[in-house]
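> Note that the working numbering gives residue 63 to position 60 of the sequence shown, counting from 1, and the numbers run on in steps of one.
We put the CB at the ideal spot given by N, CA and C, even for glycine.
Structure provided below as structure tokens; questions to follow.
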Amino acid sequence: MSMEKITGVQHIEINPDEEGMRLDRWFRHHFPDLGQGQLQKLLRKGQIRLDGARVKANGRVLGGQVVRVPPLQVKPQAGRIKKSPVITQQDREFINAMVIHRDHHVIILNKPSGLAVQGGSGTKIHIDGLLAGLVDEGAEKPRLVHRLDKDTSGILVLAATSKAARSLTAAFRTKEARKLYWALVSGAPRPASGKVDLALSKAMCVTRSGGREQMVADEEGGKWAVTYYETLERAGQKLAWLALYPQTGRTHQLRVHMAEIGSPITGDGKYGGEEAMASGSDAIAPRLHLHARAISIPHPGGGRLDVLAPLRDHMCKSWQFLGFAENDHSQIPQWPEFD
């Protein structure tokens with residue numbers, strides 16, 4: 004792609020539909036040829052400013068704010084923002100079938116396992132690309148306010164408006180959102196209920212196929228991570244149905260914590276290895292058995308919102324095979340008192 008010099012400093016106002024976007028993502032939309040390294044350098048020098056103040060790449064922008072853009076040796080993208088992908092009727096039916104709660108402020112989905120929340124290399128279908136299918140054409144598109152791993156099913160919270168997005172994002176950041184996950188684990192944990200307080204960090208691990216990045220226990224240099232767990236039912240001593248209450252939200256926290264106490268989540272070969280596979284039973288799929296079951300969060304309109312998400316996909320089949328009855332634990336949970 005040919006490059007052209009942009010002469011002079013630009014001052015670009017943030018559109019309302021860009022509110023809540025990370026600044027580095029905003030630059031990728033408007034100046035796709037500007038590399039991340041160059042962007043970071045301009046930010047460190049203070050040449051890029053937001054409403055006249057220094058800002059970091061992960062800072063969130065608000066509608067009406069003004070970005071100071073210095074002269075750049077890049078070619079700007081035509082238009083103010085990338086066009087949204089075309090949403091077909093099939094897409095609309097697919098995404099709307101996941102909705103388990105909707106009001107003027109909040110939309111909650113029950114995401115299936117195997118569907119990514121955002122796009123990436125080789126990922127063509129993802130929640131973020133389908134969000135426009137939840138509203139009429141031309142209406143304000145819902146916003147993601149948190150994430151789930153691709154292989155984790157269950158509750159995914161969306162903000163229906165930019166104002167709601169600020170409120171919900173703050174709730175997740177300040178730990179006002181309470182989350183419950185259900186998991187099938189290999190091996191019955193001892194004690195049956197307890198607390199895992201184990202700091203985590205990213206590391207490059209050697210595997211048969213080479214190296215890969217994953218989370219590891221790191222008491223010295225890791226970030227604080229705490230999970231409370233409770234055994235709901237057991238299938239002998241080989242498998243157990245757990246309720247998991249994360250106090251923190253580190254990457255792969257539940258998966259690492261369960262593996263560290265000797266009860267890896269069933270199907271989680273990455274952290275549990277062979278021990279995580281339910282050997283001897285074809286009825287239990289070799290897939291991650293982790294489901295975001297419930298959430299309690301301050302509602303942007305006032306009060307709290309409590310939502311439960313029914314099990315879906317392969318976990319339903321595993322529960323049926325093991326004789327676990329989902330309705331036996333169908334009430335809104337008694338949230339533990341975090342330290």
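(1) Which residues share a DSSP beta bridge with residue 216?
(2) Name the DSSP bridge partner or partners of residue 299?
(3) Could you check what DSSP says for residue 16 in three-state terms: helix, strand or coil?
(4) Can you list, in chain order, the residues of its chain with a C-beta nearer than 7 Å to that of residue 30? Leave out the 5 residues immediately preceding and following it.
(5) Restricting to Cα atoms, I'd like to know which of 66, 50 and 222 is closest to residue 21.
(6) How far does the alpha helix (DSSP H) with residue 325 in it reach, from first residue to last?
(7) Can you tell me which of the three DSSP states residue 186 falls into?
(8) By Cβ distance, which residues of its chain are closer than 7 Å to residue 59, with the 5 residues on each side in sequence left out?
(9) Tell me which residue opens and which closes the alpha helix (DSSP H) that residue 28 is part of.
(10) State the start and end residues of the unbroken alpha helix (DSSP H) segment that holds residue 98.
(11) Bridge partners of residue 110, per DSSP?
(12) With a CB to CB cut of under 7 Å and the five nearest residues on each side skipped, what residues in its chain are close to residue 238?
(13) With three or more C-beta pairs closer than 8 Å as the rule, is the region 174-182 touching the region 119-130?
(14) Provide the residue span of the alpha helix (DSSP H) that contains residue 263, from first to last.
(15) Quick one: what's got a C-beta closer than 6 Å to residue 108's C-beta in the same chain, skipping five residues either side?
(16) Determine contact between the region 215-224 and the region 315-333, defined as no fewer than three beta-carbon pairs at a distance below 8 Å.
(17) Given that a residue counts as buried once 16 or more other Cβ atoms are within 10 Å of its Cβ, and exposed if not, what is residue 249?
(18) My assumption, with CB atoms under 8 Å, is that residue 241 sits in contact with residue 189. Please give the rounded CB distance.
(19) What is the rounded straight-line gap between the Cα of residue 258 and the Cα of residue 268?
(20) Kindly list the residues whose CB is nearer than 7 Å to the CB of residue 339, restricted to its own chain and excluding five residues on each side of it in sequence; keep chain order.
(21) Do residue 64 and residue 17 have their C-beta atoms closer together than 8 Å?
(22) What residue does the beta strand (DSSP E) around residue 198 start on, and which one ends it?
(23) Near residue 99, which residues of its chain fall below 8 Å by C-beta distance, leaving aside the five closest residues on each side in sequence?
(24) Distance, Cα to Cα, residue 13 vs residue 50?
(25) Helix, strand or coil: how does DSSP classify residue 130 here?
(26) From residue 114 to residue 72, what distance separates their C-alpha atoms?
(27) In its own chain, which residues sit with a C-beta less than 6 Å from the C-beta of residue 310, not counting the 5 before and 5 after it?
The relevant details are as follows:
(1) Residue pairing by DSSP places residue 216 opposite 207 in a beta bridge.
(2) Residue 299 has 181 and 309 as its beta-bridge partners, per DSSP.
(3) Collapsing the DSSP output to three states places residue 16 in a strand.
(4) Correct list, in chain order: 37 and 42.
(5) 66
(6) 317-325 is the span of the alpha helix (DSSP H), which, as asked, contains residue 325.
(7) strand
(8) If the five residues before and after residue 59 are omitted, its C-beta is found closer than 7 Å to the C-beta atoms of 46, all from its own chain and listed in chain order.
(9) 26-33
(10) Looking at the DSSP string, the run of the alpha helix (DSSP H) that includes residue 98 is 92-99.
(11) 105 and 161
(12) 325
(13) no
(14) 256-263
(15) 163, 167, 303 and 304
(16) By the Cβ rule, the region 215-224 does not count as touching the region 315-333, because fewer than three pairs are nearer than 8 Å.
(17) buried
(18) 7 Å
(19) 6 Å
(20) Non-local beta-carbon contacts of residue 339 in its own chain, meaning distances under 7 Å to residues more than five positions away in sequence, involve 231 and 248 in chain order.
(21) yes
(22) 196-200
(23) 136 and 137
(24) 11 Å
(25) Reduced to three states, the DSSP call for residue 130 is helix.
(26) 38 Å
(27) 104, 111 and 298
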